[in-house]
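**Student:**
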Amino acid sequence: MIDRTIETDVLIIGGGGGGLRAAVEAHEAGARVLVLSKGIVGKSGLTQTAVTGFQVAFGYADPRDNADVHYADTIRGGYGLADPELARIFTAGAVEAVEDIESFGARFDREPDGKLVQRKLDSSQTYPRSIKKGDSLGTPIMQALRRQINKRKIPRMHEILVTSLLKDGDRVCGAIAVDFQTGELLEIRAGAIVMAAGGAGEMFPVHSNTPDSTGDGYVLALEAGADLVDIEFLLMLGHAVLHPATVRGVLFTFQYLLTKGARPLFNSEGEPFLARYDPEGGDNPARHIYARAIYGEVRAGRGSPHGGAFFDPGSVSMETLMESLPSQTKYLLSFGVDMTKPIEVGSAAHYVCGGIKIDTNSQSTVPGLFAVGECSGGPHGAGRIGGNSLTEILVFGKRAGRAAAEAASTAGQANVDRDFIEAECRRVLDFLSDRRSGPRPHEVKAQLQKIMNDHVGVVRNDEGLGSAVARFEDMQEADIGAMALANHDRVGNYDWIEALEVAAMVRFGQAMAGAARLRTESRGAHYREDYPDLDDEHWLKNILIRRDGDGFAFEARPCPTGPVLEPAE
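The numbers in numbering that gives the first Met the number 0 rise by one with no breaks, and the one at position 243 of the sequence shown is 242.
What follows is the structure in structure tokens.
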């Protein structure tokens, strides 16, 4: 049933910043590299959407800042659950990461004296350390990485969905994939794999991600035997535009305007309210507090008409808006948003703080399988402070690429399980069967998004999480096997691709809800209204998830970090 077989040394799954940084490094180490992406390699993925900043402790804005303070902020921002070795690696490696990406051609904003501009996003940063390029930082990073991919003539394939990983014993040795454009089933043989498939924002009705962020990477790794960690921690942001519908989910980082005279968020009664939910953070708390505070106001009947709160851009001049947030302001204006009047903002799914558990070389618990970026887990713990994602993907992308090249060089000839390949091909092709008469893929996705939004979103409780787990189990048994497609052809059939994505989304939703139900406390980006307090005595632990037959096994493992660190002086 395989239509085409491709061989490479290092297979990169994902064409965003982490994947491309790994590809460049693996190529530099002498490996043959192939990059696959569900979108256009280098022009899709989540890195291109980054706006807030890139944390690196140069100490230009405040000489007291250094890598140790950045590390302490990261551990504190992860509420004690970040892996200390991983957090130390990327905070210590941030300066080198900037030097590398600038050597590739990226350019960032500088002060008149030539030093990089550094600013502070919110109270999670002790000192200003986020570097920037206007308000669209992901663009120069992706442009620089694309140039390096082109310069090295690294092969890449666009519009490819990986459906499963292949193994030889305990080790990964390749993947099965579908080519959207041709409908071909591909067998890709590889000595090592770097999973850089991004996050899972599409599991929610409002999110800041690209539409292809469907959680594939987590499920591919789980099914291959890898552990996931900390996936109950879902960062929900409170600065997504809610209205008009044409820009629903677009991020507007108004926090940067609060030091320029902007009015803090206010509710339908005209009251600032954030300090009510986080007295220490005041009018600009850590990012996950925004979403929880807005949720509280909406539930109390003080929300905006579309379920959020208000930010008034008219409290600052248009000149300041264009100077501080040029890309975002122009984008909103282009859709007819009146920037002189209050804008409704609210919650959007943004980032899964956990993912595939990795070691210091970005290798998972499965030999030969590496992970980088949002689909990896460990560096952030229970919360990710703003600007740390770009730091992490560049530092660990480099490490993953080099380690994957080394692993591939010693992999040897794999003994591929042909029976598994045939079974996987039958599973993938069965979605095209005209015997199916159930719901369409987009209908199942809408059900899943509602379950996630209602029960696994900003505020959680045991009843809702239990309901979500049960609903996902029912969907797995009833809906996935019955999903019917409008088109049964293989060529260019995006309905088919969506069906395969939705099947993985249901699996990941079940795992996330199960982990969230197990954690009977509130910590960082996980808030349980039935267990509203932080519980270090019982829950200074990471939850690991692994496949167990058709279900999952959960393990709560003590975290080596220790209690949450006090803010640096």
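No residue lacks a Cβ here, since even glycine has one placed at the ideal position from N, Cα and C.
Check whether the segment 197-211 and the segment 340-353 are in contact - that is, three or more C-beta pairs closer than 8 Å.
**Tutor:** At 8 Å Cβ cutoff, the stretches touch.
**Student:** Using DSSP with H/G/I as helix, E/B as strand and the rest coil, what is L539?
**Tutor:** coil
**Student:** Can you tell me which of F89, L144 and V40 puts its alpha carbon nearest to the alpha carbon of S102?
**Tutor:** The shortest Cα separation from S102 among F89, L144 and V40 belongs to L144.
**Student:** Could you check where the alpha helix (DSSP H) with H349 kicks off and where it finishes?
**Tutor:** No alpha helix (DSSP H) contains H349, which is instead part of the beta strand (DSSP E) from I342 to V351.
**Student:** To the nearest angstrom, report how far apart Q582 and E158 are at their CA atoms.
**Tutor:** This structure leaves residue 582 out entirely; the chain is present only between 0 and 568.
**Student:** If A514 and F553 are in contact, beta carbons under 8 Å, what's the gap, nearest whole angstrom?
**Tutor:** 6 Å
**Student:** Would you identify the three-state DSSP class for I357, choosing helix, strand or coil?
**Tutor:** coil
**Student:** Can you grab the Cα-Cα spacing for the pair V297 / F265, in whole Å?
**Tutor:** Rounded to whole angstroms, V297 and F265 show a C-alpha spacing of 12 Å.
**Student:** DSSP three-state call for S163: helix, strand or coil?
**Tutor:** strand
**Student:** Would the beta-carbon of R3 fall within 9 Å of that of L184?
**Tutor:** yes
**Student:** Is it buried or exposed for P566, if we count other Cβ within 10 angstroms and need 16 for buried?
**Tutor:** The pLDDT assigned to P566 is 46, lower than 50, so where the model puts this residue is not dependable; a value taken from the coordinates is nonetheless given after this. So P566 counts as exposed.
**Student:** Need the endpoints of the beta strand (DSSP E) that F551 sits in, please.
**Tutor:** G550 to P557
**Student:** With distances taken between CB atoms, is the gap from D529 to D461 smaller than 9 Å?
**Tutor:** yes
**Student:** Pick helix, strand or coil for H487, following the three-state DSSP scheme.
**Tutor:** The answer is coil: DSSP assigns H487 none of H, G, I, E or B.
**Student:** Enumerate, from N- to C-terminal direction, the unbroken beta strand (DSSP E) stretches of 3 or more residues contained entirely within the segment 305-343.
**Tutor:** 308-310
**Student:** Nearest by alpha-carbon distance to V458: which of A81, E373 and E520 is it?
**Tutor:** For V458, the nearest C-alpha among the options comes from E520.
**Student:** Please report the straight-line C-alpha distance between G491 and E497, rounded to a whole angstrom.
**Tutor:** 12 Å
**Student:** Would I230 and G367 qualify as a contact pair, given that the criterion is a beta-carbon distance under 9 Å?
**Tutor:** It is not a contact, given that the beta carbons lie outside the stated cut-off.
**Student:** How is D8 classed by DSSP in three states: helix, strand or coil?
**Tutor:** Of the three classes helix, strand and coil, the one that applies to D8 here is coil, per DSSP.
**Student:** Taking the alpha-carbon positions, what's the G548 to G306 distance?
**Tutor:** Linking G548 to G306 through their CA atoms gives a straight-line distance of about 40 Å.
**Student:** Beta-carbon within less than 7 Å of R518's beta-carbon, same chain only, minus the 5 sequence neighbours each way: which residues are those?
**Tutor:** E231, H525, W538 and I542
**Student:** Closest to R556 by CA distance: which of H206, D226 and K131 is it?
**Tutor:** D226
**Student:** Step through the CB atoms of chain C and report whether any lies within less than 9 Å of the CB of T339.
**Tutor:** Although the question refers to chain C, the structure presented lacks it and comprises just one protein chain.
**Student:** Name, in chain order, the residues that DSSP records as bridge partners for G593.
**Tutor:** In the structure as shown, the chain starts at 0 and stops at 568, and residue 593 therefore has no counterpart that could be examined.
**Student:** Are the beta-carbon atoms belonging to G280 and S129 less than 9 Å from one another?
**Tutor:** Not a contact, by the Cβ cut-off of 9 Å.
**Student:** With burial defined as no fewer than 16 other Cβ atoms inside 10 Å of the residue's Cβ, what is the status of E98: buried or exposed?
**Tutor:** exposed
**Student:** Flag this pair as touching only if the segment 84-92 and the segment 237-256 have three or more C-beta atom pairs under 8 Å; answer yes or no.
**Tutor:** no
**Student:** In whole angstroms, give me the CA-to-CA distance for H26 and V177.
**Tutor:** 25 Å
**Student:** Quick check on DSSP: helix, strand or coil for V32?
**Tutor:** strand
**Student:** Span of the alpha helix (DSSP H) holding I140?
**Tutor:** G137 to R151
**Student:** With a cut-off of 8 Å, do at least 3 Cβ pairs link the segment 27-36 to the segment 3-19?
**Tutor:** Of all C-beta pairs linking the segment 27-36 to the segment 3-19, three or more are shorter than 8 Å, placing the two stretches in contact.
**Student:** Use the C-beta contact count for R20: other C-beta atoms within 10 angstroms, 16 or more gives buried, fewer gives exposed.
**Tutor:** buried
**Student:** Taking just the CA atoms, how far does G224 sit from G419?
**Tutor:** For the sequence presented, residue 419 should be read as Phe rather than Gly. Distance between the alpha carbons of F419 and G224: 15 Å.
**Student:** I'd like to know whether the C-beta atoms of V371 and G396 end up nearer to each other than 9 Å.
**Tutor:** yes
**Student:** Beta carbon of V171, beta carbon of A503: below 9 Å?
**Tutor:** no
**Student:** Let me check one thing: in DSSP terms, what residues is A370 bridge-paired to?
**Tutor:** M194
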